[in-house]
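Read in order, the letters of the sequence shown are residues 0 to 497 in numbering that gives the first Met the number 0.
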Amino acid sequence: MNMIVKIYTILIALLIIEISDGEPDCKKPCYCNRMKKMAACNSRHLHYIPRLPSYVEQVKFVENNFTHLSRSFFQNLTSFNKINLLNLTDNFVLNISVDAFADFHYLNTLEISKENKLPIFSLKKAFQSLNKSMVNNLTFSGNEWEHLPLDMFIELKLSRIRSVSMTSNSLKDLNGGIYSYLTELKTLNLAHNEIKNINLSGLIVLEELVLIENNIHNVPTWCNSTGDSFVPQLKVLRLDSNSISEMNSSSFKCLQNLIQLRVDYNNFRFLENNTFSDLVKLDRLHFSHITRLKVIQETAFNVPSLKSLYFQNNGFHFDKGNKFNAKTIFSYCPNLTTLDMSSNFLPSMKKSQLLKLMFIPLTKLEKLTLPDTRIRALPFDLFPNMKFLKTLNLQGNFINGWNDSERIFGNKSSLKTLNLQANNIRLVNKTTFPPSILSSLESLDLSSNQFSCTCDQIWFREWIRENFESKSKKNNLTLISYPEKYACMFPSNLRSVA
Numbered sequence: 000m001n002m003i004v005k006i007y008t009i010l011i012a013l014l015i016i017e018i019s020d021g022e023p024d025c026k027k028p029c030y031c032n033r034m035k036k037m038a039a040c041n042s043r044h045l046h047y048i049p050r051l052p053s054y055v056e057q058v059k060f061v062e063n064n065f066t067h068l069s070r071s072f073f074q075n076l077t078s079f080n081k082i083n084l085l086n087l088t089d090n091f092v093l094n095i096s097v098d099a100f101a102d103f104h105y106l107n108t109l110e111i112s113k114e115n116k117l118p119i120f121s122l123k124k125a126f127q128s129l130n131k132s133m134v135n136n137l138t139f140s141g142n143e144w145e146h147l148p149l150d151m152f153i154e155l156k157l158s159r160i161r162s163v164s165m166t167s168n169s170l171k172d173l174n175g176g177i178y179s180y181l182t183e184l185k186t187l188n189l190a191h192n193e194i195k196n197i198n199l200s201g202l203i204v205l206e207e208l209v210l211i212e213n214n215i216h217n218v219p220t221w222c223n224s225t226g227d228s229f230v231p232q233l234k235v236l237r238l239d240s241n242s243i244s245e246m247n248s249s250s251f252k253c254l255q256n257l258i259q260l261r262v263d264y265n266n267f268r269f270l271e272n273n274t275f276s277d278l279v280k281l282d283r284l285h286f287s288h289i290t291r292l293k294v295i296q297e298t299a300f301n302v303p304s305l306k307s308l309y310f311q312n313n314g315f316h317f318d319k320g321n322k323f324n325a326k327t328i329f330s331y332c333p334n335l336t337t338l339d340m341s342s343n344f345l346p347s348m349k350k351s352q353l354l355k356l357m358f359i360p361l362t363k364l365e366k367l368t369l370p371d372t373r374i375r376a377l378p379f380d381l382f383p384n385m386k387f388l389k390t391l392n393l394q395g396n397f398i399n400g401w402n403d404s405e406r407i408f409g410n411k412s413s414l415k416t417l418n419l420q421a422n423n424i425r426l427v428n429k430t431t432f433p434p435s436i437l438s439s440l441e442s443l444d445l446s447s448n449q450f451s452c453t454c455d456q457i458w459f460r461e462w463i464r465e466n467f468e469s470k471s472k473k474n475n476l477t478l479i480s481y482p483e484k485y486a487c488m489f490p491s492n493l494r495s496v497a
């Protein structure tokens with residue numbers, strides 16, 4: 000009997016060894032995640048590719064010591080794993096053999112980044128070993144490249160590559176012809192380079208172009224010599240954080256399919272008439288952090304298709320009538336559903352009806368964001384006109400109250416979120432909000448206001464107690480930051496009392 004037990008134990012041990020040999024553990028310096036089917040290896044002492052569990056399909060090698068990459072170097076990976084993502088970042092790579100990627104039959108995404116000692120021609124030749132029918136995404140960031148060979152992607156001709164990212168290099172030019180071999184290229188990300196000169200010829204199917212933080216001084220030319228578009232399929236364009244100082248009515252011709260445009264952090268002083276009018280499908284415009292802006296002409300926002308406008312942190316003086324025309328500024332984009340004008344100077348108390356004049360054409364708004372805009376008074380008969388308004392953010396202004404709440408807010412059942420945080424509101428009573436507002440709201444923020452804890456505040460205190468302290472809550476309303484930020488400010492003897 001003992002002999003049988005011993006034999007059985009030996010057989011189990013041999014079986015465990017066999018299983019272990021067939022399915023390796025994930026050992027340091029690698030980390031593996033079975034759920035995500037990924038592994039990451041990180042150690043300057045790692046000079047080879049270790050065996051990884053067979054479930055690994057995505058692998059990242061970061062800060063290792065892989066000087067020479069070859070087909071045999073990757074054998075531990077390609078023989079046992081179906082790798083679809085390979086990331087090689089900062090591994091001291093000096094050379095890549097022509098056949099290095101030949102056994103990556105399932106590779107979809109390749110990243111080689113922060114390899115500043117790797118000759119670009121070595122990488123270019125290795126492209127011929129990629130599986131052209133599988134690879135879709137290429138990323139080469141932080142390699143300190145200044146120029147690309149004109150035939151950089153010739154070995155990938157007729158491949159199915161849809162996305163190329165070469166951010167944080169030192170590229171000086173965008174020559175579309177370099178990418179013309181990639182006949183299915185949809186996304187090109189060249190952010191954080193030093194690009195100044197741009198030729199878009201060869202990017203006929205491109206849908207997204209990212210040129211954030213380069214050295215661009217002029218809006219690129221989008222039309223060829225016959226008046227046709229270099230990029231007729233372009234849908235998303237990012238020109239943020241450049242040095243562009245001028246745009247006019249001809250700046251965006253030949254971009255008939257553009258949906259989203261971002262020009263934040265540039266040097267514009269004037270926003271001219273019909274600047275965006277040729278963008279007949281434009282849905283979303285970001286024009287923020289333009290701190291030098293002085294004048295907005297009457298039809299600058301003449302974009303009937305526009306649904307979302309982000310005009311944030313410009314410090315623009317809407318409180319000075321000679322800088323813009325309040326009546327026309329938004330009258331040519333009446334289909335806006337989202338408007339964010341945070342951190343600008345909106346009309347003060349004496350000019351609160353000027354605020355109404357600005358926004359009255361925007362009857363389709365669903366989200367209006369106006370924090371830190373120096374508003375002191377809310378205009379009559381403005382918000383009631385916005386029948387679809389769901390979110391109203393008035394945080395961080397100087398609003399100290401209002402009379403006739405029906406004319407301020409109307410009988411609005413659409414409004415779900417109202418933010419009045421950090422204003423100068425002292426008193427909230429039964430007439431502050433129409434009953435319909437309180438019954439339809441889902442989120443109300445009155446925190447950090449200048450509450451005066453006198454007898455006039457009794458209604459508010461009882462309302463809070465009934466709706467937010469009682470076990471039998473009567474609605475679904477959330478009072479944001481209660482009770483922490485609802486302390487008395489006046490009188491002085493009650494300051495900080497909740």
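Quick reminder that beta carbons are idealized off the backbone N, C-alpha and C, glycines included.
Checklist entry - Is it a yes or a no for the stretch 229-239 touching the stretch 260-278, going by three-plus beta-carbon pairs under 8 Å? => result yes
Checklist entry - Just checking, does the stretch 319-331 make contact with the stretch 369-386 on the three C-beta pairs under 8 Å criterion? => result no
Next on the checklist: If you reduce the DSSP assignment to three classes, tell me which class residue 60 lands in.
Outcome noted: strand
Item to check | Buried/exposed call for residue 284, threshold 16 Cβ in 10 Å | outcome: buried
Next on the checklist: As an exercise, report each continuous alpha helix (DSSP H) stretch of at least 4 residues that is fully enclosed by the stretch 213-288, in chain order.
Outcome noted: none
Checklist entry - Hey, would you say residue 443 sits closer than 8 Å to residue 476, going by beta carbons? => result yes
Checklist entry - In three-state DSSP terms, what is residue 6? => result Legend: pLDDT at residue 6 = 39, less than 50; position of this residue unreliable, value from coordinates given subsequently. Helix.
Item to check | Cα-Cα separation between residue 20 and residue 38, rounded to whole angstroms | outcome: Residue confidence for residue 20 is low, a pLDDT of 49 falling below 50, so the modelled location carries little weight; the figure read from the coordinates is stated next. Distance between the alpha carbons of residue 20 and residue 38: 19 Å.
Next on the checklist: If contact is defined by three or more beta carbon pairs under 8 Å, each pair taking one atom from either stretch, is the stretch 135-154 in contact with the stretch 198-209?
Outcome noted: no
Next on the checklist: For residue 459, tell me which candidate among 383, 116, 429, 478 has the shortest Cα-Cα distance.
Outcome noted: 429
Checklist entry - Where does residue 125 fall in DSSP's three states? => result helix
Item to check | Complete runs of the beta strand (DSSP E) confined to the stretch 72-119 [at least 3 residues] | outcome: 84-88, 108-112
Checklist entry - In angstroms, rounded to a whole number, what distance separates the CA positions of residue 228 and residue 218? => result 15 Å
Checklist entry - Do residue 230 and residue 221 come within 8 Å of each other at the CB atom, strictly closer than that value? => result yes
Checklist entry - Comparing alpha-carbon positions, which option in 378, 26, 478, 408 lies nearest residue 433? => result 408
Item to check | Alpha carbon of residue 56 to alpha carbon of residue 28, nearest angstrom | outcome: 18 Å
Checklist entry - residue 297 and residue 313 look like a contact to me (Cβ under 8 Å); what is the Cβ gap, rounded to whole Å? => result Contact flag wrong, Cβ pair sits at about 18 Å.
Checklist entry - Which of helix, strand or coil does DSSP assign to residue 40? => result strand
Item to check | Buried/exposed call for residue 396, threshold 16 Cβ in 10 Å | outcome: buried
Item to check | When 102, 279, 171, 186 are compared against residue 332, the one with the closest alpha-carbon | outcome: 279
Item to check | 7 Å CB neighbourhood of residue 467 in its chain, flanking five on each side removed | outcome: 478, 481
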